[in-house]
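Enquirer:
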Amino acid sequence: MGDSAIMITFGNEIKYDTHKKIKAFMDSLENDPFVGLIECVPAFINLTIFYDPLVVYNLYKKRNKTESMSPYKVVSSIIKKRLQQIDSNQELIHRTVSIPVCYGGEFGPDLEYVARHNNLTTDEVIYIHSNGEYLAYMIGFAPGFPFLGGLSEKIATPRRPSPRTAIPAGSVGIAGAQTGVYPISTPGGWQLIGATPMKLFLPNDNPPSLLQAGDIVTFSPISQDEYNETVLKGEGQ
Amino acid sequence: MSLRVIKPGLLTSIQDLGRKGFQKHGVIVSGAMDAYSLRIANLLVGNTDHEAVLEMTLMGPKLKIEKDCLIAITGGNLSPAIDGEPVPMWKPVFVKKGCTIKFGPCKSGCRAYLSVAGGYAIPEVMNSKSTYLRGELGGYKGRALQADDVISFNEQSHHQSPLSKKEVTESFALANWSVNYKKFLPLSESPIIRVTKGSQFEYFTESSKNECAKMPFTVSNQSDRMGYRLSGPALKLTHKHELLSEAVSNGSIQVTPDGNPIILLADRQTTGGYPKIAQVITADLPLIAQVKPGQSIRFSFVTLEDAESLYLQKERQLKELKSAVSLAFKNK
Chain A
1 MGDSAIMITF GNEIKYDTHK KIKAFMDSLE NDPFVGLIEC VPAFINLTIF
51 YDPLVVYNLY KKRNKTESMS PYKVVSSIIK KRLQQIDSNQ ELIHRTVSIP
101 VCYGGEFGPD LEYVARHNNL TTDEVIYIHS NGEYLAYMIG FAPGFPFLGG
151 LSEKIATPRR PSPRTAIPAG SVGIAGAQTG VYPISTPGGW QLIGATPMKL
201 FLPNDNPPSL LQAGDIVTFS PISQDEYNET VLKGEGQ
Chain B
1 MSLRVIKPGL LTSIQDLGRK GFQKHGVIVS GAMDAYSLRI ANLLVGNTDH
51 EAVLEMTLMG PKLKIEKDCL IAITGGNLSP AIDGEPVPMW KPVFVKKGCT
101 IKFGPCKSGC RAYLSVAGGY AIPEVMNSKS TYLRGELGGY KGRALQADDV
151 ISFNEQSHHQ SPLSKKEVTE SFALANWSVN YKKFLPLSES PIIRVTKGSQ
201 FEYFTESSKN ECAKMPFTVS NQSDRMGYRL SGPALKLTHK HELLSEAVSN
251 GSIQVTPDGN PIILLADRQT TGGYPKIAQV ITADLPLIAQ VKPGQSIRFS
301 FVTLEDAESL YLQKERQLKE LKSAVSLAFK NK
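So the protein lines, in turn, are chains A and B.
Counting from 1, one number per residue, gives the positions in the first sequence under UniProt numbering.
Counting from 1, one number per residue, gives the positions in the second sequence under UniProt numbering.
#1: On a Cα-Cα basis, can you pick out the residue from E155(B), L327(B), K292(B), L244(B) that is closest to K15(A)?
#2: Which residues does DSSP pair with Y182(A) in a beta bridge?
#3: Would you call the CB atoms of V195(B) and G251(B) closer than 9 Å?
#4: Should Q84(A) go down as buried or exposed, given a rule of 16 or more other Cβ atoms within 10 Å for buried?
#5: Since L137(B) meets chain A, which of its residues come closer than 7 Å, beta carbon to beta carbon?
#6: Quick one: is T100(B) near chain A, going by C-beta distance under 9 Å?
#7: Rounded to a whole number of angstroms, what is the C-alpha to C-alpha distance between I8(A) and N46(A)?
#8: By the three-class DSSP mapping on this structure, what secondary structure does Q191(A) have?
#9: Curious, which full-length alpha helix (DSSP H) runs of at least 4 residues does the region 23–88 of chain B contain?
#10: Can you tell me which of the three DSSP states Y57(A) falls into?
#11: Considering just the uninterrupted stretch of the alpha helix (DSSP H) at A136(A), what are its terminal residues?
#12: Buried or exposed, going by whether 16 or more other CB atoms sit within 10 Å of the CB of N89(A)?
#13: Please compile the residues from chain B whose C-beta is within a distance smaller than 7 Å of the C-beta of A5(A).
#14: Give the secondary structure of T218(A) by DSSP, where H, G and I count as helix, E and B as strand, and everything else as coil.
#15: Kindly indicate if chain A contains any beta-carbon less than 9 Å away from that of A307(B).
#16: State the DSSP-derived secondary structure class of L47(A), mapped to helix, strand or coil.
#17: Less than 7 Å between C-beta atoms, sequence neighbours within five positions excluded: which residues of the same chain meet that for F299(B)?
#18: Pair every Cβ in the region 137–144 of chain A with every Cβ in the region 226–233 of chain A, then say whether three or more of these pairs are closer than 8 Å.
#19: The beta strand (DSSP E) spanning Q224(A) covers which residue range?
#20: On a CA-only basis, which of N260(B), G60(B), G18(B), P286(B) is nearest L101(B)? Give me that one, please.
#21: Please go through the same chain and pick out, in chain order, the residues whose beta-carbon is closer than 8 Å to the beta-carbon of V55(A), but skip the five residues on each side of it.
#22: Hey, quick one: how far does the beta strand (DSSP E) through A112(B) stretch, first residue to last?
#23: Given Q212(A), which residues of its chain have a CB within under 8 Å of its CB, disregarding the five upstream and five downstream residues?
#24: Please name the residue in G173(A), A166(A), A175(A), I193(A) whose C-alpha comes closest to that of S185(A).
#25: Under 8 Å: do the region 124–143 of chain B and the region 101–110 of chain B share three or more Cβ pairs, one atom per stretch?
#26: For E239(B), is the classification buried or exposed, using 16 other Cβ atoms within 10 angstroms of its Cβ as the cut-off for buried?
#27: According to DSSP, is V97(A) part of a helix, a strand, or is it coil?
#28: Check the Cβ of I281(B) against every Cβ in chain A and list those closer than 9 Å, keeping chain order.
#29: List the residues of chain A whose Cβ lies closer than 7 Å to the Cβ of G21(B), in chain order.
#30: Do T282(B) and residue 241(A) come within 9 Å of each other at the CB atom, strictly closer than that value?
#31: Using a threshold of 9 Å, state whether the C-beta atoms of Y103(A) and G194(A) are closer than that.
#32: Could one say the Cβ of V255(B) lies closer than 9 Å to chain A's Cβ atoms, at least one of them?
#33: Taking I71(B) and S115(B) to be in contact with their CB atoms under 8 Å, please state how far apart those CB atoms are, rounded to whole angstroms.
#34: How would you call I22(A), buried or exposed, if buried means at least 16 neighbouring beta carbons within 10 angstroms?
#35: Check the C-beta distance from T196(A) over to V181(A) and give it rounded, since I have them as a contact under 8 Å.
#36: At which residues does the beta strand (DSSP E) containing E39(A) begin and terminate?
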C-alpha cells in the first residue's frame, strides 16, 4: 500500500476464523511494536500496518551501516518473522457490549418498511434484532462506527434507494445483511429501525470508541421513557 | 490575545501533522494537506516541525496581529501583505503589534501555511491539534475560523529570533535569507504526480491501466480536504469485484463504479470499499495539495523503491534545512 503501509491479507471472505487470525496478529504487534510502527487497522479480511519509513531507515542504517536498503523490505521481513510466531489456535477472548435501543417511532422511521419487506410484524423485527449476537469485525467509515456481522437473514433489507442527507447520531440501522449504529450524524442510506442513547464515539476518552474490533454486540429494547431518562442523566456519555 | 480574525477566508483551519494512532477506532487522521510546507513554516520560526499552523485555502484570511511575533508563510502564493505592503514567503518575518496580515489573489498553488514562533495555543485532542471538520473536534472549537475568533500564541520557552530588534523600524522586518522552496514544492500548471500500483491495480483492464498512466485527468470542483475527484477516461474493471471495506491511506486512488478516480487526502475516511488503482507517493502528496479544482494532472508510475528513495531524499533535504535555519538563528 505505497511507501508507508503494508496490507496483509488473511482470507478472502468474511469468516470468524479469518477475523481471529487478524485480531491475534494485531494484538501481538500492539503488545510488542517494532520500531517505526505507527498503527494497525483491522478490516474484514486484512490488516493494514502503517509505519514511518524514516524511523525504520535510520534504525537499520545505524545497525547495519548500510545506506542502500528499502524500509518496505525491512518491515516485510519483520512481519514475516512475526507471522510465524503467531499461535492462531488460541481462542480469542471477546468482550460483550450491550447497547440499549429504543425501536420504532421517531427513532426508527424505517421499522415498518423493514417489517413489510420481510413479511413480519414490527414486534417480530425487534425480537429478531434484539436476540442476535453480533461480532464487530472492524471499526471504520466514521469514528466509532462498527461493521457488525451476524444479522439474521429474516430481517435483512436493502438500503434506501436514496440516502438521507443527515442521520442523527445514535441511529440503529440495517443495510442488506449488515446492522450498525451511527456514532455521529452523517449522510447515509441505511434503513433506520431505532436509536440508542449510548455514545459510541468518545473523543475525550482513550480509547475514543465504545466498541473495538472483536467485541460481541447485543441490543436490548428500551422504552422511549428509558431512552429520555438515560439522555437526561447523561449516562450515555 | 494574539491574533484576531477579521475575515476568515474560504477555509482557514488549524492543522498539524495529523491525528495518528486512532484509525482503528474510525478516527480520521486530518492534518496539513501539504505537510512539507507546514514543516518548513515551523522550522523557519524555530518551532518543532509538527507544531500546529494555520492552513489557508485559495482565498486567504485577513488577520489582526495583537502582539509582536515572528511568523513565516509557506505553501501556495495567496499574495500575502502586511499593512498593504507585499510580504515575501519562505522566510522568517518579524511582525509588530497592531499590523494587519491580508491575503489576496491566489497566484500559485492552492494552500498556504502561516506559522508563529511558539505555536498557537490550541488544546490537543487525541494527541493532535488538527481540526477534524466533519467530526467537529480538534483545532479551534472543532471548526474552520470565523470572523472575530481570537487565537493566542504560546509563550516561547526561550526567546530567539533570526532578527535583532533594532532592525525593526517599519511594521515588519524580514530575514535576509529564505528557503529554496522549489525543491520541496515544484509547482506547475499541469503537474505530474508519481504513483505506485494500488492494491487492486490488477483488477483493471489493460487499456484502463494504460490510460491511468498516460492520460490527463481534471480535478473537479467537488474536491476538498477529504479527497480530489478526477474526471478523465473512465477506468474499467476486467469484471465486477465485490470488495470488502478495508483500510485506505493518504493518497490512495479509489475508482468509483462510474469509472472516475478519487484521490483520498487528509480528511479521508479510515476505510473504503472501492478498488484502488494507484497510490500517490508520500513525497508528491504536497504537490496534489497545491492543485486547484479545474487544473489537470497526469500520473506517472514509479517503483516502490523509487517512492522510498524520493521520500528519504526529501527527509534529508528537510534535515539540512533545519540545520541551516538553526545556524541562521545563532548567527543573527
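For every residue, glycine included, the Cβ atom is placed at its ideal position computed from N, Cα and C.
Expert: By the coordinates alone:
#1: L244(B)
#2: According to DSSP, Y182(A) bridges with nothing at all.
#3: yes
#4: exposed
#5: P203
#6: no
#7: 5 Å
#8: strand
#9: 35–44
#10: helix
#11: Per DSSP, A136(A) belongs to no alpha helix (DSSP H); it is in the beta strand (DSSP E), 134–139.
#12: exposed
#13: S249
#14: strand
#15: yes
#16: strand
#17: I193, V195, C212, A213, A278
#18: no
#19: Careful: Q224(A) lies outside any beta strand (DSSP E), inside the alpha helix (DSSP H) at 224–233.
#20: Note that residue 101(B) corresponds to Ile in the displayed sequence, not to Leu. When only C-alpha atoms are compared, the closest one is G60(B).
#21: V35, G36
#22: 108–116
#23: R95, A136, I139
#24: A166(A)
#25: no
#26: As written in the sequence, residue 239(B) is His, which differs from the Glu given in the question. Label assigned to H239(B): exposed.
#27: strand
#28: G2, D3
#29: I38, E39
#30: It is not possible to answer for residue 241(A), since the shown part of chain A is limited to 1 through 237.
#31: yes
#32: no
#33: 6 Å
#34: buried
#35: 6 Å
#36: 37–42
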